[in-house]
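Visitor: Per this note's numbering, the very first residue in the sequence shown carries number 304; after that it's consecutive.
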Amino acid sequence: MSGIALLRRGRLWRLLRDQGSSLIGGLIVAIVLLTALLAPWIAPRDPVEIDIVNALLPPDAEFPLGTDQGGRDVLSRIIWGTRVSLTVSLLAVVIGVTLGTLLGLFAAYHRGSWIEQVLMRLMDMIASIPLLIWAIALVGIIGVQPVTLGPLTFDNEHKLLVLIGLLYVPSLTRVTHAVAQAEMSADYVRARQVEGASPIAIVLGDVLPNCLSPIMVQATLLIAAGIVVEASVSFIGLGVQPPRPSWGSMLADARNYVFSPEWWLPVFPGIAISLTVIGFNLLGDGLRDVLDPRRVTRGLA
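1. Going residue by residue through the region 523–562, where are the continuous alpha helix (DSSP H) segments of at least 4 residues, counting only ones entirely within it?
2. Which residue marks the beginning of the beta strand (DSSP E) containing THR451, and which one marks its end?
3. According to DSSP, is ASP458 part of a helix, a strand, or is it coil?
4. Take TRP566 as the anchor and find which of LEU359, LEU337, LEU340, ALA485 has the nearest alpha-carbon.
5. Looking only at C-alpha atoms, which of ALA346, VAL442, LEU475 sits nearest to ILE518?
6. Which class does ASP490 belong to by DSSP, given the choice of helix, strand or coil?
7. In the DSSP assignment, the alpha helix (DSSP H) including ASP427 goes from what residue to what residue?
8. What does DSSP give as the partner residues of ASP376 in its beta bridges?
9. On a Cα-Cα basis, can you pick out the residue from VAL332, GLY542, PHE583, SER549 that is closest to GLN448?
10. Taking 8 Å as the cut-off, does the region 367–384 touch the region 338–353 (at least 3 CB pairs, one atom from each stretch)?
11. For TYR608 and SER537, what's the separation of their Cα atoms in angstroms?
12. Could you pull the start and end residues of the alpha helix (DSSP H) that VAL442 belongs to?
13. Of all the CB atoms in chain C, is at least one closer than 7 Å to the CB of LEU470?
14. Tell me the DSSP secondary structure of PRO512 in three-state form.
15. Is it true that the CB of SER535 sits closer than 7 Å to the CB of GLY384?
16. From TRP437 to VAL497, what does the alpha carbon distance come to, in whole angstroms?
17. Can you look up ASP592 in the DSSP assignment and give me helix, strand or coil?
18. Assign LEU341 to one of three DSSP states: helix, strand, or coil.
19. Just reading off the alpha helix (DSSP H) that PRO362 is part of, what are its end residues?
20. I need the straight-line Cα distance from ARG311 to LEU590, nearest angstrom please.
21. Alpha carbon to alpha carbon, how far is ASP588 from ILE327?
22. If you reduce the DSSP assignment to three classes, tell me which class ASP353 lands in.
23. Report the CB separation of ASN584 from ALA527 in whole angstroms; it is logged as a contact under 8 Å.
24. Taking all protein chains shown into account, do 16 or more other C-beta atoms lie within 10 angstroms of the C-beta of LEU586, making it buried, or fewer, making it exposed?
Right, dumping it as structure tokens:
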């Protein structure tokens, strides 16, 4: 029985409930998502407002996470940085899943042909270079200046999410191709072909639904990777540009205070990145266990 069918019948929740780490990950992810959505209402101060009088204040009742060298509230900047990190990582995953799924299905449909070989070897070649190296190299080449295409202006955040999304395509193509290739050899596909169903109807209507479980797991894990990539690129000044708050740029601003009494400057953005990445990884691992047919069968036996 597929993971999608379990989700519809409510059994997925009962399986997840038995996994404490998955629930912890889901709780962390839920808190992070709510923080990003409600940032304008829950942030106590303007995240970009300079107040030199209150510069480098330690955590207290007025500033729960202290202030930075410009007197800006660290808590407010972390809250708004949540929105930036999730926007980049989530939209990048949407781009990667869309293109990667289509290319994986296309390659699987042409299994055994030169089209499959050329496409998958190209994906392997791109995937052989680490994602972060690609991101730093390409953003460095493109530059950080806004790009204008007709009436549309793309700032560095938009360029970054598109770039990361395109770099997600190889891994998602390989996952989709591996699963779809096995599905294309199944008896139900042959039966559909005998019935006279079109290739598009078979691939999109029959094969794709059975590929969604591993795609969902991979997408969840890639969200965590995207947060790290965005923070890393912003750390070296090629990501989200000031004055917009970003966890990576906050760490970059705090690197001169690592061994100083102002310990809160590097600690709290680092905790935000670590907890968010851990949350998505725990959730992804839990989904992998739950949506694994062998795991599902044992859990329902």
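Beta carbons are placed, not taken as given, at the ideal position from N, Cα and C, and that holds for glycine.
Guide: This is what the structure holds:
1. Qualifying alpha helix (DSSP H) stretches, in chain order: 550–557.
2. THR451 -> beta strand (DSSP E) spans 450–452.
3. Residue state, collapsed to three classes: coil.
4. Shortest Cα-Cα distance from TRP566 to any of LEU359, LEU337, LEU340, ALA485 involves LEU359.
5. With distances taken between Cα atoms, ILE518 lies closest to LEU475.
6. Helix at ASP490.
7. For ASP427, the enclosing alpha helix (DSSP H) has its first and last residue at 417–430.
8. The partner list for ASP376 (beta bridge, DSSP) reads THR370.
9. For GLN448, the closest of VAL332, GLY542, PHE583, SER549 by C-alpha to C-alpha distance is GLY542.
10. Taking one beta carbon from each stretch, the region 338–353 and the region 367–384 have 3 or more pairs nearer than 8 Å; the two touch.
11. Given that the chain is displayed from residue 304 to residue 604, the structure contains no residue 608 and the question cannot be resolved.
12. Segment 434–445, the alpha helix (DSSP H) holding VAL442.
13. Among the chains of the structure shown, chain C does not appear; only one protein chain is present.
14. When secondary structure is reduced to three states using DSSP, PRO512 falls in the helix class.
15. Not in contact: GLY384 and SER535 (Cβ atoms no closer than 7 Å).
16. Between TRP437 and VAL497, the C-alpha separation is close to 45 Å.
17. In the three-state reduction of the DSSP assignment, ASP592 falls in the helix class, which pools H, G and I.
18. Coil.
19. Where PRO362 is concerned, there is no enclosing alpha helix (DSSP H), because DSSP gives it neither an H nor an E.
20. Reliability of the predicted coordinates at ARG311 is poor, the pLDDT of 48 falling under 50, and the value obtained from them is presented with this limitation in mind. Approximately 15 Å, taken between the alpha carbons.
21. Spanning the two alpha carbons is a distance of roughly 12 Å.
22. Here the sequence assigns Ile to residue 353, which means Asp is not the residue at that position. ILE353 falls in the coil class under three-state DSSP.
23. ALA527 and ASN584 do touch by the CB rule: their CB atoms are close to 5 Å apart, below 8 Å.
24. Buried, since its Cβ has 16 or more Cβ neighbours within 10 Å.
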